[in-house]
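Top to bottom, those sequences are chains E and B.
In terms of the working numbering, the first sequence opens at residue 1 and continues consecutively.
In terms of the working numbering, the second sequence opens at residue 1001 and continues consecutively.
Reading through the structure tokens given below for one structure.
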Amino acid sequence: MPLTLEIGFIESARSGGDALERLITAVWPEAYRIALSILRDPGLAEDAAQEACASIARSLPMLKHAGTFRTWSYKVIVNQAITAARRRPSTLTLGPLTDRAIHFDQSDALDLYNALGALPVVQRGAILLHYYAGLNSGEIAVATGLPSSTVRFHLMLARRALRKALATTTQAIHSSEEVLPNVQ
Amino acid sequence: MFSDARIREGLNTMIRGIDAPPVTLHQIQRKILQQKAHPRYTSRYLRLAISVAVIIAMLVIALPSISPALVQTIEARYRAALQALGGIAPPPAPKSLVSTLSSQSRNATLALAQSRVGFTIVPPAGLPKDVVSARIQMTPTGVYSKVTHSWSVGSPSVTFSYRRADGRSFGLMAEPFDPQDGPQPKYMFEADGLASNGQPVLVKHEHFAWRNGSQVMTATQSDGISAPEIKAIQAAMRGIALPRRELHAPNTGTRMKLYLLKP
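Laid out in structure tokens, this is it:
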């Protein structure tokens, strides 16, 4: 599971120094990936991921239980990405799907990337926190500052949009497969 | 229809398919320094009151001397709160300005204070009955101009500090009335540590302002004084309540003030 780190590793990072640098190095790829999934802009994603890592480093001593590091750090990352998106709404366009840094070997992943990009930023964040980080709607509500009912509503809309996008793509693939034999 | 499991699996694949660039520790380190940690102060005298109006910062420092470093740390808390509220925080006050202001902060008698300010001081009345000691302090003020984008030394204010029988304390500030200051804020905000999402935890305090002639007196509800007690003081002084701005009303002022208070 991503971002699952040893408790001792997190505890030692609280004192800063090299241990903290190692922790940030471990968190960085995940922070960038999540930020890019939400922001769709590599430059913005890199900046938001740096901000998230800085926030994590700065607030780590205040984290009460190292066991909650994983969900807590996802909250920080997603919030930073949403904040970055809100600061620069004009950049919330779809990024190029053929970006060299993105390699999907399954059609579902590409379809999801496209479908996710069509969602409002908050819904992207909610979907990632729910399906990827494993947070429930109550935890997402705390993380995003939205009421639980609003989070559930966002999740429902996002889920519906993702399923529709995936179903449409799959239907198109099946249609092609049905047609091809006749062509041959 | 696609199951939650397939969405979960698809998202996992999608995110794993994104290549992250190399970690830039020096950039992260720079951002850590920029958003430097804001230590929690437990002293009940230490207050950083924040508002989004013209008068936005009030520092009450319970130390024998004011350290520019401490002021800048508290300013950082202020900036965090203001930014969290969507406002634009001024840059840190220069150390030289803080040193200048610090040297001007001193206890005074009412007569001495009156000789140093350009407005007629109307002392507080109707104070809580358990007040056991009082002190008058000259309160230097730093002013940040949103027009010239610079800090300067402002007109001094006068602070009446009171200690109560149970050890609590509170302050009332008197300063010259200036119609250009615009409406006072209804609330002051204090950035009190960080939440789990890395954002500052904002504590809201109701803020009051009333006018007696050329003087404006302000007080902020805190654990030292309640809102009804402040209203009783205002009523006893027969002060005219100044209009207050709601939380999200636009900030039309062109100045921001920073006060240095020493008990």
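Heads up, the beta-carbon is just placed ideally off N, CA and C, and yes, glycines get one too.
Between the segment 1020–1033 of chain B and the segment 38–57 of chain E, the count of C-beta pairs closer than 8 Å reaches three or more; the two stretches touch.
Distances from the CA of residue 69/E to each of 85/E, 43/E and 24/E were compared; the closest alpha carbon is that of 24/E. By DSSP's assignment, residue 1162/B forms a beta bridge with 1134/B and 1170/B.
Under the 7 Å criterion on CB atoms, residue 1005/B is classed as non-interfacial with respect to chain E. Between the alpha carbons of residue 1129/B and residue 10/E lies a gap of roughly 52 Å.
At a Cβ-Cβ threshold of 7 Å, residue 1222/B and residue 1205/B count as neighbours.
Taking the Cα positions, residue 153/E is about 11 Å away from residue 122/E. Counting along the chain, residue 1014/B sits inside the alpha helix (DSSP H) bounded by residues 1004–1016. In the DSSP assignment, residue 1219/B falls within the beta strand (DSSP E) that extends over 1215–1220. Annotation: the continuous beta strand (DSSP E) that includes residue 1106/B extends over 1106–1108. Under the three-state reduction of DSSP output, residue 143/E falls in the helix class. In this structure, DSSP gives residue 1024/B a state outside helix and strand, which the three-state scheme calls coil.
Under the three-state reduction of DSSP, residue 136/E is assigned to coil, being neither helix nor strand. The C-beta of residue 60/E has 16 or more other C-beta atoms within 10 Å across all chains shown, which makes the residue buried. Classified as buried, residue 76/E has 16 or more neighbouring CB atoms from the shown chains inside 10 Å of its CB. CA-CA distance, residue 138/E to residue 155/E, rounds to 12 Å.
At a cut-off of 7 Å between C-beta atoms, residue 50/E counts as an interface residue with respect to chain B.
One thing to note: residue 1213/B has its Cβ no nearer than 7 Å to the Cβ of residue 1139/B. Between residue 1010/B and chain E, the shortest Cβ-Cβ separation is below 7 Å. Neighbours of residue 37/E across chain B, judged by C-beta separation under 9 Å: 1011, 1014, 1015 and 1018.
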